[in-house]
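Taking it in order: structure first as C-alpha cells, then the write-up.
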Amino acid sequence: MKVTFPHMGNLWICLDAMLQYLGIETVVPPPSSKKTLNLGSKHSPEFACMPLKLNLGNFMEASERGADTIVMAGGCGPCRFGYYAQVEHIILEDLGYKYSLVVMEPPEKHISELLSRIRYITGNKPWMEVIRGIKFGYRKARAVDRLEMAAMRKRPLEKRAGQTDTALTEALSIIAGSAYGKLDDAIARASEIMDQIPVDRKPVLKIGLVGEIYTLLEPFANLDIERKLGRLGVEVDRSIYLSEWVNDHLFMGLIKGLRSSSLYIKSSAPYMRHFVGGHGQETLGAAVYYNKKGYDGIIQVLPFTCMPEIVAQSILPGFSRDTGMPVMTLIVDEQTGESGYLTRLEAFVDLLAEKGARKEELA
Amino acid sequence: MIGFIGLDVGSVSTNIVFLDDEGKVRESVYLRTNGRPIPAVQKGLRQISRLVPLRTVIRGVGATGSGRHLAGIIAGADVIKNEITSHATASSRLVPGVRTVLEIGGQDSKIIVLRDGIVADFAMNTVCAAGTGSFLDQQAARLNVKIEDFGGLSLKASSPVRIAGRCAVFAESDMIHKQQMGYDLPDILAGLCEALVRNYLNNVGKGKDISGPVVFQGGVAANLGMRSAFERALNKEIIVPPNYDVMGAVGAAMLARDYVSRGAPTGFKGFGAAETDFHAGSFECDGCPNCCEVVELSENGAVIARWGDRCGKWSNNVSREKIS
Amino acid sequence: MTIKIGIPRSLLFYNFIPFWKTFFEGIGAEVVTSGRTNKAILQDGLRLSVDEACLPVKVAFGHVEHLKDRADYIFIPRLVSVFPREYICPKFLGFPDMVRQNVRGLPGVIDTSINMYRRERDLYGQFFEIGSRICGNPFKIALAIKKAGEEMKRFTARVESGLRPDRAYGPGSPEETPDRRKNATVAVLGHPYNIYDSFINISLLKRLEDAGINVLTTDNVPEKEVNYYVSSLNKKLFWTLGRRMVGAAYHFLESPGISGIIHVASFACGPDSMTGELIERRARRTGDKPYLSLTLDEHTGEAGIVTRIEAFLDMVGMNRQSARC
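Chains D, E and X, in that order, are what the protein sequence lines are. Our numbering puts the first residue of the first sequence at 10, with every later residue one more than the last. Our numbering puts the first residue of the second sequence at 18, with every later residue one more than the last. Our numbering puts the first residue of the third sequence at 199, with every later residue one more than the last.
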C-alpha cells in the first residue's frame with residue numbers, strides 16, 4: 010500500500026509525518042502547479058470549485074509516482090467538499106486509475122465505521138501508537154503555522170527582498186525532515202532561522218485574509234497572496250491556520266482551546282445568523298474580528314462558484330458600509346490572470362495607504 | 018522648460034503624455050502595442066521627444082498599465098503604479114470633486130469610487146470582452162461600420178434593440194439574429210451600447226455607489242452612443258474629460274511629479290533610451306513543475322531585470338522591483 | 199384587517215406552496231405571491247445580487263423586491279433542511295441574510311429556519327412559531343398546520359402520479375394525465391425553480407409539449423423510487439434536491455418508456471456540478487438515451503435554447519425510429 014493525499018499548503022508535512030511514523034509508505038504528490046491544475050481542470054466538472062480540480066490533479070500526479078491509496082477528509086454538507094472524495098473517485102475510475110479510497114469523516118451511523126477506516130490504513134498498529142502518530146503530525150502542523158506567522162510578520166520589514174522566503178523554505182524543510190523525538194530540536198532550529206532575518210523598523214499596513222480555507226492555505230491557489238502583499242509592505246494575518254483545520258476536520262475538533270471558529274461565529278451575529286456550510290459564517294466573523302483588532306483592510310479569497318463564500322460575499326459590502334472597513338473580494342480559478350490580480354492588490358494597498366494618511370492628517 | 022512624462026503600456030495600446038510644470042497635458046502620443054511593448058515604448062519616446070519644446074528637462078517619469086514594469090525599467094521611471102491609482106489620480110485632479118470614474122478601455126474596464134479625492138472602492142472586469150471596448154470594435158467590424166462613426170450613428174436610434182450575451186461571441190450571435198429580423202442599423206448600434214453598459218454595470222459596477230459627478234474615460238469614451246447609454250442607465254450627467262483616452266498616462270506623470278517634488282532626483286534614462294538596445298527574452302524555469310515563464314530584460318547585453326517567476330528565485334537575483 | 203403574507207415565486211416555492219398557502223390562510227392571513235418571473239423582476243434581481251450568485255438566487259432577489267410593497271410580511275424562510283440528515287444548498291441557508299443586507303425597505307420578514315435535519319416533526323414547532331407571530335389562537339395554528347400537511351400530501355400524490363407540480367395545485371382545472379402511449383416521453387431533470395420558471399428557461403417545457411412530447415420531471419418520480427436508486431451510491435448525498443435529481447435520473451435512465459433526458463442546471467450551480475457529474479457519467483456509461491445538458495443564466499438567449507432543443511428532439515426521433523426497425 011502506498012498512500013497519497015491531496016495538497017493544501019503545507020498539510021503534507023503533517024500528514025506525511027503521521028503516516029510515516031506508523032510505518033506506512035507515503036507518496037507526497039508533487040507540489041500543486043500549473044500542470045496539476047491543467048490535469049485536474051481537464052477532467053473535472055466545469056463548475057466544480059478549484060480545490061476539487063487541484064485534488065484531482067494531485068491524485069493523477071501521485072499515481073505516476075506509484076500511489077495506490079487515497080486518504081482524505083470528508084464531511085456531511087452542505088459544502089461540496091463533503092462529496093469531493095466520491096466524485097473524484099468516480100472520475101479517476103473512468104480515467105482508468107486503480108485507487109482505493111479511504112475517507113476520514115464523521116461516521117454516518119456508528120463510530121466503528123471511522124475506526125475501521127483508520128484500521129484499514131494502520132493495520133495492526135496498537136491504538137496507542139496511532140494516537141502518538143497523530144500527535145506527532147499535529148505538532149508539526151502547529152510548528153508550520155508558527156513559521157508561517159513569523160514569515161507574514163517579517164516580509165514587509167525584511168531588509169533584502171526574498172530573505173524571508175528563503176528562510177521560510179529552509180525552516181519548513183527542517184520541520185518536514187525531523188524524525189520523532191527530534192522535533193523539539195528541529196522547532197528550535199527553525200524558529201532561530203526565522204528570528205535571524207534582518208528587518209527594518211517601519212510602520213506597516215495590516216490586512217486580514219478571510220475566505221475559503223483551501224484557497225487561503227494553498228499559495229498556488231491564491232497566487233501567493235501572502236508573499237505579494239508582504240512585498241507591498243503589508244503585514245498579513247489569515248483567519249485560519251493549518252492546525253485549526255486539522256483539528257476541525259481530521260480530529261473532529263478534539264483539541265480544545267485553539268483560536269477556533271466559535272469565536273468567529275459569535276462575531277458574525279449581526280450579519281449572519283446561521284451557518285451556511287464551509288467557512289461562510291467564519292468569513293463574516295473574521296471580518297468583524299479584524300475590524301475590532303484595528304486592521305487596515307480585509308481581503309476575501311474564494312474559488313469561483315464557492316457557495317458558502319458567495320453568501321459571505323453578498324453580505325460583506327453591508328459590513329463594509331457599516332464599519333468603513335475596506336473589503337476586497339478576489340475570486341480564483343483556472344482562468345485567473347496574474348497581472349490583473351496583482352493590479353487589484355496594488356490598488357487596494359494604495360487605497361488603504363491613502364486612507365491611513367488621510368486619517369493621520371485629520372488627527 | 019521642465020516637464021514630466023507618463024507612460025501607459027497596455028496590451029492593446031501604448032500611450033505617452035508630456036506634462037508641463039503646472040501639470041497640464043501638453044502632448045500625447047497613442048500607439049498600438051501590437052504585442053511588442055519594448056519597440057512601442059521606444060517608438061513612443063522617440064515621437065514625444067520630437068514634440069516637446071527644445072531644451073526641455075524631464076524631471077520625472079511615471080509608468081502604468083499591464084506593461085508598467087517593463088516600461089518603467091526601459092525609461093527609468095520614478096514611479097511604477099497600477100492602473101487604478103493612476104486613473105484615479107488623473108481624474109480627481111482634472112475634474113475636482115469627482116465621485117465616480119467609469120473607465121472602459123480596449124481590453125479591460127474598471128470603476129473607481131472616490132470620496133474626498135481618494136479612492137474609496139474600485140473593481141475591474143471579471144468576465145470577458147463583453148464588458149470592454151473590443152466588444153464594440155468587433156461588432157462594428159461585423160456590421161461594416163467604422164468605429165469613428167459608431168457613436169454618431171447610434172444616436173439616430175429610435176428604439177434600441179435588446180442584445181443579450183455574457184460574452185462577445187454570444188452577443189454577436191444574438192446581434193446577427195436581430196439583424197436578420199430586420200432591425201435598423203442605428204437601433205442595433207444603440208442596442209450594442211446598451212448591452213455593453215448593462216454588462217458593465219452588472220459586472221464591474223455591481224453594488225458600487227455610483228454618485229455624481231461621474232467621469233467617463235478610456236478609449237471607449239469617444240463613443241457618443243456609449244456616453245448617452247450611460248446617461249440613460251444612470252440618469253446622471255456624464256463628464257468626458259479632455260484627454261479621456263490617455264488618463265492612465267496622465268495620472269502616472271502626475272504621480273511622478275509628486276514623487277520628485279519631495280526632492281528625489283529622477284531616474285529617467287533620457288530620450289536616448291529609445292535608441293538603446295533592449296532585449297526581452299524568456300526561458301522556462303525547470304526548478305519545479307510550475308514551469309514559470311521567466312522574462313529577462315537586458316540592456317546592451319547585460320541583464321537588468323527578470324520577472325514572471327512565482328518563487329522569486331530569478332527576480333530576487335537582480336534588484337528589488339520599484340513599487341512606490 | 200387581514201394580514202398580508204407575501205410569498206416570492208422563487209426557490210422552493212414550486213415545492214412547498216400548497217403547504218405554505220394553506221397554512222397561512224388557515225391562520226387567517228391573506229397570501230399574495232409575486233407574479234411570474236419577467237424582465238423587470240430579473241433586472242431588479244441582477245441589480246441587487248452579487249454577480250457570482252446563481253440565476254435562481256438572482257431571480258429570487260427580484261421577486262422579493264417586487265413583493266415587498268404589497269405585503270405586511272414577506273415569507274423567506276431560512277431553508278436549512280427539508281429532509282432528515284440532508285441540507286439544501288448553502289445559498290438557501292444564507293438567503294435571508296443576503297436579502298436583509300441588500301434589499302432596502304423590507305416589510306416584516308419571516309425568516310424562521312425550516313430545519314428538519316434532526317427529525318421531520320421539528321417542522322411542527324417551526325411553523326407553530328411562525329403562526330404565533332400572526333395569530334394568537336394556538337388551536338387555530340395547530341389546525342392550520344394539520345390542514346397544510348394534508349394538502350401537501352394530496353399535492354405530492356398528484357405529482358407522483360405524473361402531474362406537473364405547477365398544474366397539480368392552484369386555480370384552474372386539473373389537467374388529465376397526458377397519453378404516454380402515443381408520443382415520445384422525455385425526462386427533464388433539474389431544480390424545480392429552474393424547470394417550472396418558464397421565463398428563465400425560455401419556455402422549455404412548453405416547447406417540448408408543443409412538439410408533441412410528453413414531459414416527466416424529477417418531481418414525478420416517487421420518493422421510494424428515488425431512494426432505491428440512490429442507495430447504490432457509495433455515500434449518501436446530503437442535498438435533498440441533488441439526491442432527488444440523481445435518483446430520478448438513474449430511474450429514468452433505466453425506464454424503457456423514456457426516450458431522452460434533458461438536464462437543466464444554472465450556470466455555476468455548486469451542487470449540480472457534483473450531482474450533474476454523477477448523472478452524466480452514469481448516462482455515458484449506460485449510453486443508450488439521448489442526453490442534453492442545458493445551462494441557464496441571465497444571458498441565455500432564445501436562439502441558443504431553440505437550436506439545442508431541436509437537435510435533441512431530432513436525436514430522440516431518430517432513436518425511436520431505429521428502435522422500431
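Using N, Cα and C, we set each Cβ at its ideal position, and we do this for glycine too. All figures in this text were calculated on a predicted structure; none of them were measured in a lab.
Quick one: does residue i have its CB under 9 Å from some CB of chain D?
i	result
residue 327/E	yes
residue 23/E	no
residue 286/X	yes
residue 98/E	yes
residue 339/E	Residue placement at residue 339/E cannot be trusted, given a pLDDT of 39 that sits under 50; what the coordinates show is reported in the next sentence. Answer no: the Cβ-Cβ gap between residue 339/E and chain D never drops below 9 Å.
residue 102/E	yes
residue 95/E	no
residue 295/X	yes
residue 433/X	yes
Compare the beta carbon distance of residue i and residue j with 9 Å and say whether it is the shorter of the two.
i	j	result
residue 190/D	residue 26/D	no
residue 322/E	residue 96/E	no
residue 239/E	residue 204/E	no
residue 317/D	residue 165/D	no
residue 266/E	residue 25/E	yes
residue 74/D	residue 38/D	yes
residue 18/E	residue 70/E	yes
residue 5/D	residue 91/D	Outside the shown range of chain D, which is 10 to 372, sits residue 5/D, and nothing can be said about it.
residue 304/E	residue 330/E	yes
residue 250/X	residue 314/D	yes
residue 462/X	residue 511/X	no
residue 232/D	residue 345/D	yes
According to DSSP, residue i sits in a beta bridge with which residue or residues?
i	result
residue 515/X	For residue 515/X, which the question treats as bridged, DSSP gives no partner whatsoever.
residue 205/X	231/X
residue 313/X	279/X
residue 492/X	462/X
residue 25/E	32/E, 81/E
residue 300/E	311/E
residue 309/D	219/D, 338/D
residue 121/E	126/E
residue 349/E	Examination of residue 349/E is not possible in this model, given that chain E is present from 18 through 341 alone.
residue 13/D	79/D
May I ask whether a heavy atom of the ligand GDP can be found less than 8 Å away from the beta carbon of residue i?
i	result
residue 83/E	You won't find the ligand GDP in this model; it holds no ligand whatsoever.
Can a CB atom of chain X be found closer than 9 Å to the CB of residue i?
i	result
residue 105/D	no
residue 224/E	yes
residue 68/D	no
residue 98/D	yes
residue 35/D	no
residue 262/E	no
residue 151/E	no
residue 315/D	yes
Are the C-beta atoms of residue i and some chain E residue less than 9 Å apart?
i	result
residue 257/X	no
residue 471/X	no
residue 298/X	no
residue 244/X	yes
residue 395/X	no
residue 486/X	no
Excluding the 5 residues flanking residue i on each side, which residues of the same chain have their C-beta closer than 6 Å to its C-beta?
i	result
residue 227/X	201, 203, 332
residue 313/X	278, 279
residue 336/D	307, 325, 329
What residues in its chain sit with their C-beta under 8 Å from that of residue i, if we drop five residues either side in the sequence?
i	result
residue 104/D	52, 69
residue 284/E	78, 93, 94, 95
Measure from the C-beta of residue i to each C-beta in chain C and report whether the shortest distance is under 9 Å.
i	result
residue 191/E	Chain labels in this structure do not include chain C; the protein chains are D, E and X.
What are the uninterrupted segments assigned as alpha helix (DSSP H) that are 4 or more residues long and contained completely in the segment 252–280 of chain E, given in chain order?
-> 264–278
Could I get the ranges of all uninterrupted alpha helix (DSSP H) runs contained in the segment 190–240 of chain E, with 4 residues as the minimum, in chain order?
-> 202–220
Continuous beta strand (DSSP E) assignments of at least 3 residues falling wholly in the segment 166–249 of chain D = Entirely contained in the segment 166–249 of chain D, the beta strand (DSSP E) runs reaching 3 residues are, in chain order, 214–220, 243–247.
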